[in-house]
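> Attaching a single structure in structure tokens format; questions to follow.
There are 2 protein chains.
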Amino acid sequence: MPESALTAPNPRLFSFRAGAEGAWRIRAITPVRGDTLPPADRLDLISGEAGPAGEGDGLGAWTLRGVTSNERYVTNDEKRKLAAAQEGLGREAATCAALIPIKKSAAWWGLTQEQRRAVFEEQSRHTHIGLHYLPAIARRLHHCRDLATAEPFDFLTWFEFRPEDEPAFDRLLAELRKTPEWAHVERETDIRLIRG
Amino acid sequence: MPESALTAPNPRLFSFRAGAEGAWRIRAITPVRGDTLPPADRLDLISGEAGPAGEGDGLGAWTLRGVTSNERYVTNDEKRKLAAAQEGLGREAATCAALIPIKKSAAWWGLTQEQRRAVFEEQSRHTHIGLHYLPAIARRLHHCRDLATAEPFDFLTWFEFRPEDEPAFDRLLAELRKTPEWAHVERETDIRLIRG
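This is the structure:
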């Protein structure tokens, strides 16, 4: 079979499809920086490629896609600390979720790896801050910037937590948004959801 | 317009389409490690998405795709040295080209950034070796691993040089293939081409 026939989805691809259906009910879509996303009732988190929006999905329907990938910034020591403290997605009690799509500036992407790491951790303590909120806040990071299509965001981060941990989640976001790293964020939307 | 309608190609996407047509004549396709690619007469380097292979493209037709992206391993000092010494693609006298698709191991991708950098440069001197061959060898690196489709390779590197610089190009490859970094290469194909 010729290589060009290999059109299976990347096994690390996830699609976030907003519309009339989906396992998660959208409570709020809040623009943090830049343009917001259209309102929708529900969101489905799909492993792989989502089909095109259907008739019943309404005008506001949108789909964002991203792939999980290799580590970009954590050291081996930080990776060990994260692995020891974090819990996975899909916990029964974690009925709240947030999807936070982010786009960073061209200047950020023009930096070398060591410059980005310095802003990310030495100046902003991104992983250090996040560690304080484990295991309550579970997360999965998806990358969009190197897809074959032009995407509106560079990253999609999906968070799951219990309802009583939402104030802690809000504090986590407030801490991160004050950091030097966030000066490089050009667009950010904060989508809150409830399962069921 | 809903975000889901944004299906423009990534402006950093390039497609390498092999078949009966194309600006480059394929001289040889040599498997270095793992499965080879099917033979084809010619190759086209297309900015953006290539259309599907046509009737006249022959049985061996294949297309590989990748996106140029941000720096992963070079330090700021190495980046400056590269920028000062390198020349761009499309030089009149550079009538020879090579396309070298590479896939690295799952173990490589499981390493942290600092571990990969240590193998790439401190142990293997990848950038240091490459600098010796500038400006004769021009190159552009394309990433495939984080596309939405499952791709047969992680990287596609495209090189252009004058015919008299091909022995130097062969020495560059021989030097790199002896490094610890190459222990992580699972599949590699070496495709040589002539313009026109």
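As they're listed, the protein sequences go chains A and B.
Sequential numbering from 1 applies to the first sequence in the working numbering.
Sequential numbering from 1001 applies to the second sequence in the working numbering.
Ideal Cβ positions, reconstructed from N, Cα and C, are used throughout, including at glycine.
1) Compare the C-beta of A/T75 with all C-beta atoms of chain B and state if any pair is closer than 8 angstroms.
2) Any chance you could list the alpha helix (DSSP H) runs of at least 4 consecutive residues sitting entirely within the stretch 73–128 of chain A, in chain order?
3) With a threshold of 8 angstroms between beta carbons, is B/A1148 in contact with chain A?
4) Can you have a look at B/D1170 and say buried or exposed, based on whether 16 or more other CB atoms are within 10 angstroms of its CB?
5) With a cut-off of 8 angstroms, does the C-beta of A/P2 fall near any C-beta of chain B?
6) Which term fits A/R27, buried or exposed, when burial requires 16 or more other beta carbons within 10 angstroms of its beta carbon?
7) Exposed or buried, what is A/E164 when buried is set at 16 or more other beta-carbons lying within 10 Å of its beta-carbon?
8) Under a three-way DSSP split, which group does B/F1016 fall into?
9) So with CB distances below 9 angstroms, who are the chain A contacts of B/P1009?
10) Looking only at C-alpha atoms, which of B/T1007, B/L1111 and B/L1037 sits nearest to B/L1099?
11) Counting only beta-carbon atoms, is B/T1112 nearer than 8 angstroms to chain A?
12) Quick check on the DSSP output: the beta strand (DSSP E) that includes B/L1043 runs from which residue to which?
13) Mind listing the chain B neighbours of A/E49? Cutoff is C-beta to C-beta under 7 angstroms, in chain order.
14) For B/L1089, count the other beta carbons within 10 Å of its own beta carbon; 16 or more makes it buried, fewer makes it exposed. Which is it?
15) In this structure, how does DSSP classify B/L1176 when only helix, strand and coil are distinguished?
16) What are the partner residues of B/F1161, as DSSP defines its beta bridges?
17) Within the same chain, show all residues whose beta-carbon is closer than 6 angstroms to that of A/G48, passing over the 5 residues directly before and after it, in chain order.
18) Would you say A/A94 and A/A150 are within 8 angstroms of each other, going by their C-beta atoms?
19) Compute the distance between the beta-carbons of B/W1024 and B/L1193, then report whether it is under 8 angstroms.
20) What separation, rounded to the nearest whole angstrom, lies between the Cα atoms of A/Y133 and A/A168?
21) Look up B/G1261 in the DSSP assignment and say whether it is helix, strand or coil.
22) May I ask you to report which of helix, strand or coil DSSP gives B/E1003?
23) Is B/A1150 helix, strand or coil by DSSP?
24) Which whole-angstrom value is the C-beta distance of B/H1126 and B/E1181, which I expect to be below 8 angstroms?
25) Chain B partners of A/L13, CB-CB under 7 angstroms?
26) Cβ closer than 7 angstroms: which chain A residues qualify as neighbours of B/E1071?
27) Determine, using beta carbons only, whether A/H126 comes closer than 8 angstroms to chain B.
Based on what the coordinates show:
1) In the first sequence, residue 75 of chain A corresponds to position 75, counting from 1. Taking Cβ atoms only, chain B reaches closer than 8 angstroms to A/T75, which makes this a yes.
2) 76–85, 106–110 and 113–117
3) Walking along the second sequence from the start, residue 1148 of chain B turns up at place 148. Output row for B/A1148: interface = yes.
4) Residue mapping note: residue 1170 of chain B aligns to position 170 of the second sequence, counting from 1. Burial call: exposed.
5) If you number the first sequence from 1, residue 2 of chain A lands on position 2. The predicted position of A/P2 is uncertain, since its pLDDT is 43 and thus under 50; a value taken from the coordinates is nonetheless stated next. Answer yes: the Cβ-Cβ gap between A/P2 and chain B drops below 8 angstroms somewhere.
6) Here residue 27 of chain A refers to the residue found at position 27 when the first sequence is read from its first residue. That one is exposed.
7) Here residue 164 of chain A is taken as the residue at index 164 of the first sequence, counted from 1. So A/E164 counts as exposed.
8) Within the second sequence, residue 1016 of chain B is the residue found at index 16, counting from 1. If DSSP states are grouped into helix, strand and coil, B/F1016 belongs with the strands.
9) Along the second sequence, read from residue 1 onward, the residue named residue 1009 of chain B stands at position 9. In chain order: A148, T149 and A150.
10) As a working note, residue 1099 of chain B is residue 99 in the second sequence. Per the Cα distances, B/L1037.
11) Counting from 1 along the second sequence, the entry for residue 1112 of chain B is found at position 112. By this cut-off, B/T1112 is an interface position.
12) Looking up residue 1043 of chain B in the second sequence gives position 43. It spans R1042 to S1047 - the beta strand (DSSP E) in which B/L1043 sits, taken as one unbroken run.
13) One-based indexing of the first sequence puts residue 49 of chain A at position 49. In chain order: A1148.
14) To locate residue 1089 of chain B, count along the second sequence from 1; it is residue 89. Classification of B/L1089: exposed, given that the 10 Å Cβ count is below 16.
15) Looking up residue 1176 of chain B in the second sequence gives position 176. Helix.
16) Residue numbering aside, residue 1161 of chain B sits at position 161 when the second sequence is read from its first letter. Bridge partners of B/F1161: B/C1096.
17) Counted from its first residue, the first sequence places residue 48 of chain A at position 48. Counting only Cβ-Cβ distances below 6 angstroms, and skipping sequence neighbours, we find P9 and L13.
18) Along the first sequence, read from residue 1 onward, the residue named residue 94 of chain A stands at position 94. Along the first sequence, read from residue 1 onward, the residue named residue 150 of chain A stands at position 150. No, they are not a contact pair.
19) For the purposes of this step, residue 1024 of chain B is taken as residue 24 along the second sequence, with counting starting at 1. For the purposes of this step, residue 1193 of chain B is taken as residue 193 along the second sequence, with counting starting at 1. Cβ atoms of B/W1024 and B/L1193: closer than 8 angstroms.
20) For the purposes of this step, residue 133 of chain A is identified with residue 133 of the first sequence, where counting begins at 1. For the purposes of this step, residue 168 of chain A is identified with residue 168 of the first sequence, where counting begins at 1. Approximately 7 angstroms between the Cα atoms of the pair.
21) Missing from the structure shown is residue 1261 of chain B; chain B here goes from 1001 to 1196 and no further.
22) Counting from 1 along the second sequence, the entry for residue 1003 of chain B is found at position 3. Any reading at B/E1003 must be qualified, since the residue scores a pLDDT of 47, below 50, and its modelled position is unreliable; no value is offered.
23) Counting from 1 along the second sequence, the entry for residue 1150 of chain B is found at position 150. Three-state DSSP puts B/A1150 in coil, outside helix and strand.
24) Residue numbering aside, residue 1126 of chain B sits at position 126 when the second sequence is read from its first letter. Residue numbering aside, residue 1181 of chain B sits at position 181 when the second sequence is read from its first letter. With a Cβ gap of about 6 angstroms, B/H1126 and B/E1181 count as contacting.
25) Along the first sequence, read from residue 1 onward, the residue named residue 13 of chain A stands at position 13. Neighbours of A/L13 on chain B, chain order: A1148.
26) Against the second sequence, residue 1071 of chain B aligns to sequence position 71. Neighbours of B/E1071 on chain A, chain order: T112 and Q113.
27) Against the first sequence, residue 126 of chain A aligns to sequence position 126. Not one chain B Cβ lies under 8 angstroms of A/H126.
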